[in-house]
Amino acid sequence: MTGRYANRVGVWHTIGGVSILRQDEVTMAEVFQENGYKTAMFGKWHLGDTYPSRPQDKGFEYTITHGGGGVGQTPDYWDNDYFDDTYFKNGVPTKFEGYCTDVWFDEAIKYIEEKKDEPFFAYISANAPHLPFNVPETYYNQYKDLDIPEFQKIFYGMITNVDDNFAKLQKKLKDLKIADHTIVIFMTDNGTASGYKTVGGQLYGFNGGMKGTKNSEYEGGHRVPFFISYPEKHINGGKDVTDLTAHLDILPTLATLCNLELPERQKKMDGSDISSLLLGEEETIGRDYLITDSQRVQSPIKWRKSAVMSDKMRLVNGKELYDISKDPGQDNDLAAQFPEKVEQMRGYYNEWWSSVSTEFNQFPIIVLGSDNQNPIELTCHDTHVHDSKIPWNQNYIREAKKNPMGGEFTVAFEQSGTYTIELSRWPFEADLAINAAVAGKEGTISTEAIAEGRTMNFKSGGVKIGAWEQTKAVEKDAKVISFTGNFTKGETDMSAWFTTDKGEDWGAFYIKVTRVSKEFSMID
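Using our numbering, you'd call the opening residue of the sequence shown number 6 and step up by one each time.
Dropping the structure here:
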């Protein structure tokens with residue numbers, strides 16, 4: 006979205022308050038929008054569920070999205086299961102019919118039909134084939150008789166559904182007679198999660214001869230396909246680009262292909278313009294190195310799960326050296342043979358680390374009291390606490406097996422005034438009592454089961470915002486605990502919790518903050 010390294014823009018994890026895009030980062034949607042394009046996105050955003058980091062805050066005029074990093078995760082609408090779900094249409098919960106991937110593509114096609122005579126940027130970000138493994142039975146049936154694990158039958162069905170939807174999109178562009186002058190990109194964001202696994206001592210699947218899968222610093226974790234078509238500029242298939250390229254290059258490249266003017270506030274991009282490679286004007290852009298890593302921690306750790314990459318060489322974790330032109334499976338460590346190369350690549354990483362680490366201690370901010378999102382709902386998904394404590398999907402909320410106690414939100418009050426803060430164990434749309442249990446759902450051939458929600462015995466709850474702190478009892482059958490306070494404009498930390506009858510503290514799962522007045526009120 007930014008042409009900049011994830012570690013630089015505040016997004017180095019998938020949870021824990023560090024999957025939120027910093028407010029001052031400029032996205033490609035903003036660039037397109039400011040150059041006269043209509044902009045829309047469909048599906049997975051995962052760069053912030055709260056103002057000012059939602060897609061509609063970052064340049065997308067029209068949005069249909071789920072919450073968090075996947076359907077059924079903690080910030081998503083309650084009880085979504087991929088079928089006939091409620092998604093956020095321009096921020097408003099809206100019921101849709103059909104399978105999630107079908108919805109994203111169908112809605113995108115409707116949008117393209119409406120905007121076909123105008124410049125448009127449509128971003129379709131499919132959550133599938135992410136967990137949970139849910140797919141229409143007709144797609145499961147295409148693989149049901151194969152001698153592979155059950156989860157892979159569903160996984161492959163989910164991928165085939167994406168393929169069919171992409172074909173439908175391509176056909177629509179041709180039918181609308183806009184295919185020639187429309188840039189179409191198909192890509193993914195990480196190596197396979199479930200297409201290459203050992204089960205019962207037997208290996209199933211295909212990994213292109215690479216080592217590692219999703220979340221790995223080895224080639225199979227981050228080397229992904231990128232297909233681009235632009236017939237009008239003779240970018241229309243049959244050619245491979247062998248230069249080292251990355252997601253960072255997309256924004257600067259599209260800026261050239263579409264003659265976009267970058268805004269003055271645009272920060273220096275880490276990516277390169279590779280349009281000359283795509284257009285066949287050059288064979289190389291002469292890039293020395295790129296870096297990828299997988300942090301998934303509250304504060305990034307130097308060398309953690311990292312790879313320094315040149316066209317042929319990979320320095321993994323600062324220690325292992327591989328020539329992937331001869332050893333794509335990364336089996337033969339050459340570090341001892343080429344110590345000077347190791348030191349050269351380590352030197353590049355050290356310079357990079359010094360550059361991207363300058364704002365590691367400045368967490369992205371959730372803004373409270375803005376007219377753009379009032380009330381605003383926060384979830385434990387975004388608390389700054391060790392990830393093993395965070396209930397990042399709704400099954401964890403139901404089972405209450407992970408306790409996010411000790412976590413804080415980094416917030417800022419946009420306006421001084423009187424606010425109410427409501428705490429709940431359940432999503433507010435669930436309309437359930439704090440201590441209530443909730444029934445689960447049995448799995449089917451092509452859907453995973455949903456866990457039962459267990460009874461809790463919370464007796465009180467509390468909120469701490471800066472130096473302000475209050476606690477209240479949980480009344481019988483209460484759905485929320487509500488607090489009222491006067492707060493002044495500015496940045497602070499917020500934490501919230503429930504306490505059981507045995508004195509055990511639990512971090513609150515869901516919090517709603519509402520600015521009720523721009524003036525301070527008398528509060529009992």
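Each residue gets a CB set at the ideal place from its N, CA and C atoms; glycine is no exception.
Checking the sheet assignment: what are the DSSP bridge partners for residue i?
i    : result
M314 : L295, R319
D328 : M318
D498 : T415
A127 : A45
W473 : I470
F492 : G422
F463 : T505
M192 : F231
T519 : T425
V347 : Bridge partners of V347: none, in fact.
G458 : V443
V372 : A417
T384 : Y515
T68  : M46
V16  : S24
I240 : Y235
So, using beta-carbon positions, are residue i and residue j closer together than 9 Å?
i    : j    : result
A198 : P134 : yes
L428 : I371 : no
D374 : V518 : Inspection of the sequence shows that residue 374 is occupied by Gly rather than by Asp. Yes.
Y424 : N377 : no
I306 : R319 : no
W431 : F514 : yes
T297 : S311 : yes
A131 : L174 : no
R520 : N379 : yes
D248 : L282 : yes
H227 : G196 : yes
K177 : I117 : yes
With 16 other CB atoms within 10 Å as the buried threshold, where does residue i fall?
i    : result
N264 : exposed
S359 : exposed
N12  : buried
M163 : buried
L259 : buried
E30  : buried
K216 : buried
I255 : buried
R270 : exposed
E382 : buried
What residues in its chain sit with their C-beta under 6 Å from that of residue i, if we drop five residues either side in the sequence?
i    : result
V390 : P409, G411, G412
K317 : D328, S330
L262 : S280
A483 : I439
F232 : F191
W83  : P432, E434, A435
F37  : T44, F126
F488 : I426, V468, Q475
With a threshold of 8 Å on Cβ separation, who are the neighbours of residue i within its own chain once the five nearest residues in sequence on each side are excluded?
i    : result
F156 : F138, S199
H18  : S24, Q300, R301, V302, Q303, D392
G103 : F88, D89, D111
V204 : P154
T460 : N440, A441, A442
G96  : R59, Q61, T68, Q378
Could you have a look at residue i and say whether DSSP puts it in helix, strand or coil?
i    : result
L136 : coil
N398 : strand
L178 : helix
I255 : helix
Y104 : strand
T452 : strand
F514 : coil
Y201 : strand
A483 : coil
G22  : coil
P98  : strand
T55  : coil
K446 : strand
G210 : strand
Q78  : strand
F365 : coil
T183 : Residue 183 is actually Ile in this sequence, not Thr. Coil at I183, not helix or strand.
Y161 : helix
A478 : strand
I153 : coil
Y92  : strand
In chain order, what residues of the same chain lie with their CB nearer than 7 Å to the CB of residue i, ignoring the 5 residues before and after it?
i    : result
S526 : T423, N491
F160 : P134, F138, S199, G200
T106 : A131, A133, N166, V167, N170
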